[in-house]
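A quick write-up on the structure given underneath.
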Amino acid sequence: MSIHGFFFQLFLGSIVTIKLALSGTMLGLIIGLIGALCESIRNIFLRYCLSGFIFIIRGLPELLVLFFIYFGMTAILSDLFNHYIDINSFFAGTIALGCIFGAYASQVFRGAFLAIDRGQIDAALAIGFTSYQIFTRIQLPQAWRHALPGLSNLWLTLLKDTSIVSLIGLSDLMGEAKIAASTTHQAFTYYLIAACIYLLITSVSQKVLDIFILKANRYLHA
Amino acid sequence: MILAYLPQLLSGLSITLILLFSAIGAGLVLALSLVVCDYSDHFLVKKLIASLIFFIRGTPLLVQIFLIYYGLGQLTWVRSSFLWFFLREPMVCAIIALSINTACYTAVIIKGAIASVPRNEIDACYAIGMSKWLTLRRIVLPRAFRIMLPAYSNEVLMILKSTSLASTITLLEIMGVTQQLIAETYDTVKFYLIAAVIYLLLNMVITSIFMMLRKNLVLPNNA
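From first to last, the protein sequence lines are chains G and C. Numbered continuously in this note's numbering, the first sequence closes out at residue 222. Numbered continuously in this note's numbering, the second sequence closes out at residue 223.
Pasting the structure below:
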């Protein structure tokens with residue numbers, strides 16, 4: 001059960017996985033914040049769009065979302081521009097995972113913003129804060145604290161969802177494990193190693209997120 | 001147009017439903033036994049269950065499916081045993097992977113629900129002389145079932161979504177059929193949209209079933 005020369009490949013794959021998860025999270029946080037803002041604006045049309053988006057994303061398998069973006073978007077764009085357009089699999093993965101993360105995150109953010117006492121906003125208005133200042137100085141820092149536990153769950157889910165991107169040909173951890181498994185005919189060994197690396201990544205990030213949560217709540221424990 | 005592909009789509013739907021129901025059934029039984037075993041005071045049993053749940057919850061379902069379907073073939077003692085007759089079937093592997101996966105998530109949900117059963121009700125049971133097991137069966141589990149219902153409905157929706165991963169081990173459920181039809185017709189967008197509509201409809205059916213269940217399970221004095 002030697003790991004031959006595949007150890008380095010698996011390591012490179014893990015880095016791709018982490019990169020993908022990070023970029024998906026970045027995109028997802030932006031989508032989630034925009035979604036939460038749309039919800040706070042009293043516009044019926046925007047709200048319907050948002051709840052439709054959330055309903056669709058929450059109801060569809062991640063695999064379908066990914067394949068739709070990777071294969072479907074290629075078809076749509078190619079039809080539009082009349083020549084074949086290739087979408088990078090990393091890019092497609094980021095968009096798909098970002099949309100999924102964003103749909104759930106918008107709900108997390110909504111709850112987090114609602115958890116802030118209305119009186120604080122009134123107080124900020126009373127001492128002459130502009131609405132931008134209220135958002136960046138009062139709402140965002142506190143919403144962050146309320147949103148962090150929910151977001152850390154979403155991050156762990158997203159980390160595990162990155163594995164499906166190997167199905168559209170990205171050499172992430174899962175993709176490298178697949179290559180190693182088919183080359184050496186030692187599928188059990190390599191998938192188990194991949195599983196352990198995923199386990200390592202998720203448990204380390206869980207610990208880091210716990211520290212973040214503790215830090216965000218530090219003045220409550222004093 | 002779509003009618004021509006209806007038989008294939010329906011067969012895909014039936015496989016998705018088989019996967020869904022067997023994963024729900026087996027997963028629930030497995031989850032309950034995990035929780036009941038966890039109730040025991042044996043140190044080793046507790047440790048074992050905790051590490052199983054940690055492993056399953058920390059790794060992607062895709063890895064688990066591949067580990068069972070492709071991985072088990074590497075182990076010669078599995079290949080030579082009578083179990084190989086079942087384990088070489090993708091359907092069995094998918095059901096095993098999905099059930100174990102959902103069992104671990106459900107076990108956590110059940111444990112959380114049990115923990116939120118009011119402590120004084122359990123004390124009352126002990127006070128009138130019910131045993132630990134009887135308390136669990138008559139009071140704690142029925143109470144916990146109502147508490148966990150919203151979280152469990154989410155879990156069922158997750159299983160529905162997870163069944164799509166079975167297409168990666170050659171099963172022709174909705175996602176697999178969709179891929180096949182796309183390969184035949186090159187009509188990518190249309191078939192993905194059809195699949196999306198089917199999944200969303202299933203989603204709505206499951207959600208409304210749980211809504212009904214919740215209405216029917218409300219205690220008379222809580223209404």
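Ideal placement from N, C-alpha and C gives every residue a C-beta, glycine not left out.
Give me the residue from the options with the minimum Cα distance to residue i.
i: G:Leu20; options: G:Leu97, G:Leu77, G:Ser40 and G:Ser78; result: G:Leu97
i: G:Ile56; options: C:Cys37, C:Phe86, C:Leu202 and C:Leu34; result: C:Leu202
i: C:Ile68; options: C:Asn101, C:Cys37 and C:Ala31; result: C:Asn101
i: G:Phe109; options: G:Ala36, G:Gly59, G:Ile41 and G:Ile179; result: G:Ala36
i: G:Leu10; options: G:Tyr219, G:Lys178, G:Arg42 and G:Thr202; result: G:Lys178
i: G:Phe212; options: G:Pro149, G:Ile44 and G:Met73; result: G:Pro149
i: G:Trp144; options: G:Asn82, G:Phe8 and G:Leu29; result: G:Leu29
i: G:Leu60; options: C:Met212, C:Leu72 and C:Met204; result: C:Met204
i: G:Tyr219; options: G:Gln142, G:Tyr84 and G:Gln107; result: G:Gln142
i: G:Met26; options: G:Thr202, G:Ala115, G:Ile41 and G:Leu159; result: G:Leu159
i: G:Thr94; options: G:Ser166, G:Gly5, G:Thr184 and G:Thr202; result: G:Ser166
i: C:Tyr105; options: C:Ile96, C:Glu155 and C:Ala113; result: C:Glu155
i: G:Phe255; options: G:Leu66, G:Tyr48, G:Val65 and G:Trp155; result: Absent from the model: residue 255 of chain G. The displayed extent of chain G is 1 to 222, so no value can be given.
i: G:Thr157; options: G:Ile201, G:Ala123, G:Phe67 and G:Gly175; result: G:Ile201
i: G:Thr189; options: C:Ala124, C:Gln74, C:Val189 and C:Ser80; result: C:Gln74
i: C:Phe191; options: G:Gln107, G:Asp122 and G:Leu64; result: G:Leu64
Under 7 Å Cβ to Cβ from residue i, same chain only, skipping five residues before and after it: list those, please.
i: C:Gly176; result: Gly12 and Ser167
i: G:Gln120; result: Ile138
i: C:Asp187; result: none
i: C:Val92; result: Phe86
i: G:Ile116; result: Gln139, Gln142 and Ala143
i: C:Ser116; result: Ile147
i: C:Leu28; result: Thr106
i: C:Tyr5; result: Leu181
i: C:Leu165; result: Leu61, Leu62 and Ile65
i: C:Gln8; result: Val177 and Leu181
i: G:Asn217; result: Arg145
One question on the structure: do residue i and residue j come within less than 7 Å of each other, judged by their Cβ atoms?
i: C:Tyr152; j: C:Ile206; result: no
i: C:Pro90; j: C:Leu171; result: yes
i: C:Leu149; j: C:Arg214; result: yes
i: G:Ala105; j: G:Gly32; result: yes
i: C:Thr163; j: C:Leu20; result: yes
i: C:Phe66; j: G:Tyr191; result: yes
i: C:Leu217; j: C:Arg146; result: yes
i: C:Leu34; j: C:Ala107; result: yes
i: C:Glu173; j: C:Ile49; result: no
i: G:Leu199; j: G:Ser14; result: no
i: G:Ser163; j: C:Leu98; result: no
i: G:Ala195; j: C:Thr59; result: yes
i: C:Ala144; j: C:Ala103; result: no
i: G:Ala124; j: G:His146; result: no
i: G:Met73; j: G:Ile87; result: yes
i: G:Asp210; j: G:Glu62; result: no
i: C:Val189; j: G:Ala75; result: yes
Going by DSSP in three states, residue i sits in which element: helix, strand or coil?
i: G:Met1; result: Note on G:Met1: pLDDT 47, under 50, position unreliable in the model; no value is reported.
i: G:Arg58; result: helix
i: G:Ser163; result: helix
i: G:Gln186; result: coil
i: C:Asp38; result: helix
i: G:Tyr198; result: helix
i: C:Gly129; result: coil
i: G:Asp210; result: helix
i: C:Thr59; result: coil
i: C:Ser232; result: Any question about residue 232 of chain C goes unanswered here, given that chain C covers just 1 to 223.
i: G:Asp79; result: helix
i: G:Ser40; result: helix
i: G:Val65; result: helix
i: G:Asp172; result: coil
i: C:Val218; result: coil
i: C:Asn203; result: helix
i: G:Ile85; result: coil
Go through its chain and collect everything with a Cβ distance to residue i's Cβ below 6 Å, but skip five positions before and after it.
i: G:Ile168; result: Tyr70 and Ser89
i: G:Leu12; result: none
i: C:Phe43; result: none
i: C:Phe22; result: For the sequence presented, residue 22 of chain C should be read as Ser rather than Phe. Cβ neighbours of C:Ser22 beyond the five flanking positions: Ile95.
i: C:Ala26; result: Ser99
In chain order, what residues of the same chain lie with their CB nearer than 8 Å to the CB of residue i, ignoring the 5 residues before and after it?
i: C:Ala223; result: Model confidence at C:Ala223 stands at a pLDDT of 44, short of 50, so the residue's coordinates are unreliable; what they give is reported in the following sentence. Excluding residues within five positions, none has a Cβ falling inside 8 Å.
i: G:Ile127; result: none
i: C:Lys46; result: Asp38 and Ser40
i: G:Ala187; result: Ala181
i: G:Arg58; result: Ala103 and Tyr104
If you scan the stretch 71 to 121 of chain C from start to end, which runs of the alpha helix (DSSP H) of 4 or more residues do you find wholly inside it? 76 to 80, 84 to 87 and 90 to 115
Start-end ranges of the alpha helix (DSSP H) lying completely within the stretch 90 to 156 of chain G, minimum 4 residues: 118 to 126
4 or more residues per run - each alpha helix (DSSP H) lying fully within the stretch 147 to 191 of chain C: DSSP runs (the alpha helix (DSSP H)) wholly in the stretch 147 to 191 of chain C: 174 to 185.
For the stretch 81 to 105 of chain C, which residues have a CB atom closer than 8 Å to at least one CB atom of chain B, in sequence order? Chain labels in this structure do not include chain B; the protein chains are G and C.
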